[in-house]
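Encoded as structure tokens, the structure appears first; notes follow it.
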Amino acid sequence: MKTVYFDNAATTQIREEVIASITGVMQNNYGNPSSSHSFGRSSKSLVEKSRKAIAGFFNVSASEIIFTSGGTEADNLVLRSAVRDLGIKEIITSKIEHHAVLHTVDQLKAEHRISIKYVKTEPDGSINPLHLESLLANSSKKQLVSLMQVNNEIGNILNVKGVADMCKTYNALFHTDAVQTIGHYNLDLQEVPIDFLAASAHKFHGPKGVGFAFIRKHTGLKPLIHGGEQERGLRAGTESVHNIVGLKTALQYAYDNLEKETAYIKGLKQYFIDKLSKAIPKVTFNGLSADLEASTYTLVNVCLPVAPEKATMLLFQLDLKGIACSKGSACQSGSSEGSHVLAEILSEEDMQKPSVRFSFSIYNTKDEIDYVVGVLKDLVEA
Ligand SMILES: Cc1ncc(COP(=O)(O)O)c(C=O)c1O
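Letter by letter, the sequence shown follows residues 4 to 385 in this note's numbering.
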């Protein structure tokens, strides 16, 4: 059966070169980086060289990069320590963040009785900056803002420079979940005064189970996981050396080829939007995902003109046709597993229709888009 993988916002295929770098380390560098003998020192050197290279992409110091098991842990590390160790009494976030942030702040509220404020989102999924400013201006509590740089469901891009500057004005800390942007967009952290950031390797053709937190110097963050002195005391546990090298290699390829690969994937997204709009004129696009400047070039979220009783079947049928994509509608078939993001921004009527996220990578082709659009047209017309 023909298969098409259009779920790159969930995870990506690992690059060949990244696999080679990982297996090379597994074969040749099995020393524990904390050991003082030559085996340990060679592993340690790989970890530190990787950290330095990664820091270089964002114009920060190596000591500001802390390796974690992925984006979820990086978000938890920052949010939990900010409340526990930095005296944060109020977190400002939005209802359309990833659960790694939303469930963590819920938990922090229950554990520490901190205040949580949600910035208003517009029907197009954008964050209302005036409301953010009023939340910052009208509080005497020590605040942290946590807003994602690119929304993983609808692709909206946040102006992180604007938010970071605003946070500085009001003396609040700023954390951004940049899991969907690192490896896809350049970011100079000397120009953009973000305090904390979360990233994950498997979103940019790297391995699963590794990511990093950027923690700006002198913020005073403390560890979530206690034990050894690894990661400058900020994250105990033997470093996953092969994964860290894989992360570095994936990021190196991503940034070395950024312009070319961005143009290619952007071209695919535009082609998909044009083809789908022609094939199914009543299709609509959720959030700002049809706007190639205001949303990430890697994904599009479509709302299909299908009667509610046919909606569940349609999503099943895509899978039967070998098409991997992500279901994005909150309450088709009354399921409780729907999207909290779409529930926040869509009308009642659109919530009854199936919404699907298609996300692209360098490994996709226009032929695959032709196939998927053809299948969608047939299913919608059936
Ligand atoms: C925006 C966002 N944040 C956090 C995560 C979690 O990252 P990880 O899978 O590395 O824990 C994801 C991945 O699904 C994501 O898309």
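The C-beta atom is built at its ideal place from N, Cα and C for all residues, glycine as well.
In this text, all values refer to a predicted model and were calculated from it rather than measured experimentally.
Distance, residue j Cα to residue i Cα
i           : j           : result
residue 144 : residue 101 : 24 Å
residue 239 : residue 350 : 46 Å
residue 119 : residue 354 : 27 Å
residue 84  : residue 235 : 15 Å
residue 132 : residue 123 : 9 Å
residue 20  : residue 315 : 39 Å
residue 334 : residue 156 : Low local confidence applies: a pLDDT of 44 at residue 334 is under 50, so the model's placement there is unreliable, with the coordinate-based value given in what follows. In a straight line, the C-alpha of residue 334 is about 15 Å away from that of residue 156.
residue 127 : residue 294 : 11 Å
residue 256 : residue 288 : 31 Å
residue 285 : residue 188 : 32 Å
residue 182 : residue 91  : 23 Å
residue 222 : residue 329 : 37 Å
residue 281 : residue 47  : 55 Å
residue 130 : residue 165 : 12 Å
residue 204 : residue 259 : 16 Å
residue 55  : residue 4   : 44 Å
residue 326 : residue 302 : 15 Å
residue 410 : residue 324 : In the structure as shown, the chain starts at 4 and stops at 385, and residue 410 therefore has no counterpart that could be examined.
residue 184 : residue 114 : 31 Å
residue 201 : residue 163 : 13 Å
residue 112 : residue 292 : 32 Å
residue 28  : residue 125 : 47 Å
residue 57  : residue 261 : 15 Å
residue 341 : residue 373 : 28 Å
Residues of its chain near residue i, where Cβ-Cβ distance is below 6 Å and the 5 sequence neighbours each way are ignored
i           : result
residue 170 : 148 and 177
residue 80  : 216 and 227
residue 82  : 107
residue 167 : 177, 195, 196 and 197
residue 339 : Low confidence applies to residue 339: its pLDDT is 49, below 50, so where it sits in the model is not reliable enough to give any reading.
residue 306 : 287, 289, 353, 356 and 358
residue 376 : 278, 279 and 282
residue 42  : 34
Cβ neighbour criterion (16 or more within 10 Å) applied to residue i
i           : result
residue 272 : buried
residue 337 : Residue placement at residue 337 is flagged as unreliable, the pLDDT there being 44, under the threshold of 50; a coordinate-derived value is accordingly withheld.
residue 44  : exposed
residue 210 : buried
residue 322 : exposed
residue 179 : buried
residue 357 : buried
residue 40  : exposed
residue 67  : buried
residue 11  : buried
residue 304 : buried
residue 159 : buried
residue 137 : exposed
residue 229 : exposed
residue 76  : buried
residue 103 : buried
residue 270 : exposed
residue 26  : exposed
residue 231 : exposed
Reference residue i; option with closest CA among the options
i           : options               : result
residue 36  : 359, 303, 326 and 248 : 248
residue 116 : 103, 94, 166 and 197  : 94
residue 311 : 326, 383 and 244      : 383
residue 150 : 172, 138, 99 and 113  : 99
residue 96  : 58, 55, 78 and 318    : 78
residue 52  : 244, 104, 172 and 113 : 244
residue 263 : 283, 278, 300 and 246 : 300
residue 320 : 103, 50, 368 and 359  : 359
residue 343 : 298, 308, 162 and 154 : 154
residue 277 : 231, 369, 199 and 298 : 369
residue 380 : 121, 308 and 345      : 308
residue 361 : 275, 341, 296 and 317 : 275
residue 161 : 345, 313, 18 and 297  : 297
Contacting residues, own chain, Cβ-Cβ under 8 Å from residue i (five flanking each side not counted)
i           : result
residue 233 : 36, 37, 239, 240, 241 and 242
residue 225 : 84, 87, 88 and 237
residue 16  : 8, 208, 364 and 366
residue 199 : 81, 85, 176, 177, 178, 179, 216, 217, 218, 219, 222 and 224
residue 73  : 203, 204, 205, 211, 212, 213 and 214
residue 14  : 205, 206 and 211
Cβ-based neighbour list, residue i, same chain, cut-off 7 Å, excluding 5 preceding and 5 following
i           : result
residue 175 : 139, 146, 147 and 148
residue 24  : 248, 249 and 252
residue 267 : 365
residue 50  : 36, 242, 244 and 247
residue 387 : Here the chain has residues from 4 to 385 only, and residue 387 is not among them.
residue 371 : 7
residue 134 : 122 and 123
residue 71  : 77, 80, 214, 215, 216 and 238
* To do: Examine the Cβ distances between the segment 52-71 and the segment 189-208 and report whether three or more of them are shorter than 8 Å.
  => yes
* Examine the Cβ distances between the segment 216-228 and the segment 32-48 and report whether three or more of them are shorter than 8 Å. => no
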